[in-house]
Amino acid sequence: MSQNITLENGCVKKLFFKFALPSILGMLIVSLQIMVDGLFLSKGVGAQGLAAVNLSMPLINLLLSIALMICIGGGVLVGIASGNGNETRAKGLTSLTLVLLLTTLLIISVLLLSNFETVIMLLGANDETYVLVKKYLAILIPGSIFFSMPIFTETFVRIAGKPNQVFISGSVCFIANVFLDYIFVLKLGMGMEGAAIASCFANMFGALTLFHHMRFGKIICTLKDIKEIFYNGSSEMLTVISSAITIYIFNIIIMKNIGVLGVSALTIVFYINSIVNISLYGLSQALQPIISYNLGANRIDKIKDVLKVALKSGAAIGLTTFIGMHLFGDKIIYLFSNGNKELADLTNKAIFFFTFAYLLSFINIISSSFHTSIEKPFESAFISCGRSIIFVLIPLFILPVFIGEIGIWLAIPIAELICLGISIPLMKKSLKKLPLSI
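Note that the working numbering has the sequence shown beginning at 7, numbered continuously upward.
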């Protein structure tokens, strides 16, 4: 059965899970890959290695956000073109997206490396972490083209109607990363450089498994198309950039109030948090090709149906993880603390408060993705920035003054709660404004 028949006539629930399950599994594998990096670094470098990774994350996320903006923006246009039956345009836009991705990342990498010392200092590195951060980013900045490539391949494989391939790509990434981390970090003792090299090669291997599924064509390169790619993907970029800024501010505040151990604890918290967020982003990515296609085909009833299924699935993920972390979180933390009781105790304390965000975040993430898919990037960006930074900064700066470090760990759950007051009304309003099905 072809992609068009499946998207147009398939059962919405089955169609959603056909896209969502491989996407979630694939992204969970990516999340586990990040955690494996942390496990090897905790053993090969120690708590300072974990802190160096977290100090580097704002810049890494910035690079990934640019890749995500271009790929998602191009994906929306390709999905709509496919829904309209214009395959020639869809293939040409796929080629244009790849060229924009490679060119943009190359230019930004050159600019960053030209100001490398300043960049490291701005990230908040101190005497204990400066060298480790430098070693890590010296590989990952020029390697950004390689470690961001799965974003491109997985986005367009879904649009091509082959979401199961995402799981295969993620599996290749994970297996390669475990093997290469073991060789480079532990056996060869390459520490931070070894972890960075492993990440670049592993992601490139995963991307290569999908390239034969890409549907390229003669490049369509009009100024309008380029503008729309950057515009439609801007909300997704802002989501990651907002998270990067938030991590940066968290790092600065924690370094000031707790020290390097606090940043190490935050790193472990974010490793665990990435499992939930990546699962929810997997749901949101499953939404995009279905909604974009049905928007192009003017089948609004299917858009509403798949949105309901996504929200129910997101609620199940959030609740399950919340319960699981409160029951078994200490065992997971033990793997990263490497026998450091002070680090384990601090991380357990942080996790207890942080996990309340899981009961709320799924609504905000799905609402943001929904607005991107119906070509409303402004609304999507507003929700993304709200939950990621705007509503985080208020409690982050105020609460620690009154309740100490607990206020730091409560900042994100409170931000998610405040954001619900924005995301739910916007989603209802946007649904009412969709045209009637034909």
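Ideal Cβ positions, reconstructed from N, Cα and C, are used throughout, including at glycine.
Looking only at its chain, what residues have a beta carbon closer than 7 Å to the beta carbon of residue i, apart from the 5 residues adjacent to it on each side?
i	result
A131	L61, V139
V246	N67, L70, S71, L74
N209	F152, F153, M155, P156, C179
V184	V42
S443	Its pLDDT being 46, under 50, S443 is placed unreliably in this model, and the coordinates cannot settle the point.
L108	I151
K19	V315
S270	A53, L56, A57, L349
I260	G268, V269, L272, I414
V398	T252, A417, I418, A421
Counting only the same chain and skipping the five closest in sequence on each side, list residues whose C-beta sits under 8 Å from that of residue i.
i	result
C302	In the sequence on display, residue 302 carries Gly and not Cys. The answer, listed in chain order, is G85, I86, A87, S88, G89, N90.
S367	V282, N283, L286, G324, R393, E422
I430	I369, S373
L112	I151
Q9	Reliability of the predicted coordinates at Q9 is poor, the pLDDT of 43 falling under 50, and the value obtained from them is presented with this limitation in mind. Excluding sequence neighbours, Q9 sits near S88, A166, G167.
Let's test the definition: count the other Cβ atoms within 10 Å of the Cβ of residue i and tell me whether it reaches 16, buried, or not, exposed.
i	result
V315	buried
K438	exposed
E422	buried
I296	buried
H218	exposed
M127	exposed
D133	exposed
F360	buried
K97	buried
I400	exposed
C227	exposed
P419	buried
I274	buried
F122	exposed
E234	buried
G265	exposed
P1	Shown here, the chain extends from 7 to 444; a query on residue 1 therefore has no answer.
V312	buried
V105	exposed
F2	The first residue shown for the chain is 7 and the last is 444, placing residue 2 beyond what the model contains.
G410	exposed
M7	Per-residue confidence for M7 stands at a pLDDT of 35, beneath the threshold of 50, marking its modelled position as unreliable; the derived number appears in the next sentence. Classification for M7: exposed.
N263	exposed
I371	buried
K141	buried
I309	buried
Since residue i and residue j are thought to touch, with beta carbons under 8 Å apart, how far apart are those beta carbons, to the nearest angstrom?
i	j	result
I203	I145	6 Å
F236	G79	6 Å
S373	I323	Rounded, the Cβ-Cβ distance is 15 Å, inconsistent with contact.
L119	L65	About 12 Å separates the two Cβ atoms, so there is no contact after all.
Y277	G44	5 Å
L402	I253	Not really, about 11 Å apart at Cβ, beyond 8 Å.
G197	G50	6 Å
E381	V82	7 Å
I395	S175	So it is not a contact: roughly 30 Å between Cβ atoms.
L455	G320	Residue 455 lies beyond the residue range present for the chain, which begins at 7 and ends at 444; the question has no answer from this structure.
I424	I389	In fact, because the Cβ distance is near 11 Å, the residues do not count as touching under 8 Å.
F376	L440	Not a contact, Cβ separation roughly 11 Å.
T159	M220	7 Å
A223	T100	Residue 223 is actually Gly in this sequence, not Ala. Confirmed, about 7 Å.
Which residues in the same chain have their Cβ closer than 6 Å to the Cβ of residue i, if we skip the five residues on either side of it in sequence?
i	result
H332	none
P148	S115
I30	S285, G288
L229	none
For the ligand ZN, is there any heavy atom lying closer than 6 Å to the beta carbon of residue i?
i	result
K308	With respect to small molecules bound, the structure shown includes none, and the ligand ZN cannot be examined in it.
Q. Going along the chain, which unbroken runs of the alpha helix (DSSP H) with 4 or more residues stay wholly within the stretch 363-439?
A. 367-379, 383-391, 397-409, 412-439
Q: Within the stretch 191-277, note down every full alpha helix (DSSP H) run reaching 4 residues or more, in order along the chain.
A: 197-214, 229-238, 240-263
Q. Hey, which unbroken runs of the alpha helix (DSSP H) at 4 residues or more fall wholly within the stretch 311-367?
A. 347-360
Q) In chain order, which alpha helix (DSSP H) runs of at least 4 residues are fully inside the stretch 73-114? A) none
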